[in-house]
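Visitor:
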């Protein structure tokens, strides 16, 4: 069987992230984002998430992490932190660096868990806050890839908003 290139894998997982984003229920005060957390050594999906999937005004990336924390609590996996460390997260939109709700920003979760690579489809529009997620991640040594050709598909779940760039 032919091994897929990293570019092909990135496109595949971004398409899955877009499927997740389309599960989000639109709100006038929030984006609809999807995420897929992957073990890059085995190309295994560790977790998926979408905006507000779990209670507590959760973001897509946050849902990926919370699901693994729940598996740890249920003794399905020994340590969510160990599973997440050095993973790659695919997200349709730039991970947030500031949250108006007061919840922990996704960038902080990514850094705390030691995610090695973040692949995104589009930078966060300026509707709610000025996001500096990409720069914060790069400054802390996280590899960041912005995929070309996915902007329209990644923004489509947010057509309920008048997006500002």
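In the numbering used here, the protein residues as written are 412 to 576.
Glycine included, every Cβ here is placed at the ideal spot set by N, Cα and C.
1) In the DSSP assignment, find the unbroken alpha helix (DSSP H) run with residue 501 in it and report its ends.
2) Using only the alpha-carbon positions, how far apart do residue 464 and residue 435 sit?
3) Is the stretch 555-564 in contact with the stretch 514-525, if contact means three or more CB pairs nearer than 8 angstroms?
4) So does the stretch 477-488 actually touch the stretch 498-513, counting three or more Cβ pairs closer than 8 angstroms?
5) Run through DSSP, which three-state label would residue 450 get?
6) Assign residue 566 to one of two classes, buried (16 or more other C-beta atoms within 10 Å of its C-beta) or exposed (fewer than that).
7) Could you spell out the range, first to last residue, of the beta strand (DSSP E) harbouring residue 528?
8) Thinking residue 396 and residue 428 are a contact (beta carbons under 8 angstroms), I'd like their distance in whole angstroms, please.
9) Answer with buried or exposed for residue 533, where buried requires no fewer than 16 other C-beta atoms within 10 angstroms of its C-beta.
10) Give the secondary structure of residue 457 by DSSP, where H, G and I count as helix, E and B as strand, and everything else as coil.
Guide: On the basis of the coordinates in this document:
1) Unbroken run through residue 501 is the beta strand (DSSP E), 499-502; no alpha helix (DSSP H).
2) For residue 464 and residue 435, the gap between their C-alpha atoms comes out near 7 angstroms.
3) The stretch 555-564 is not in contact with the stretch 514-525.
4) Segments in contact, no.
5) Strand at residue 450.
6) Result: buried.
7) 528-531 is the extent of the beta strand (DSSP E) around residue 528.
8) Nothing about residue 396 can be reported from this structure: the residues present for the chain run from 412 to 576 only.
9) Residue 533 comes out buried.
10) Here residue 457 carries a strand assignment [DSSP, helix/strand/coil].
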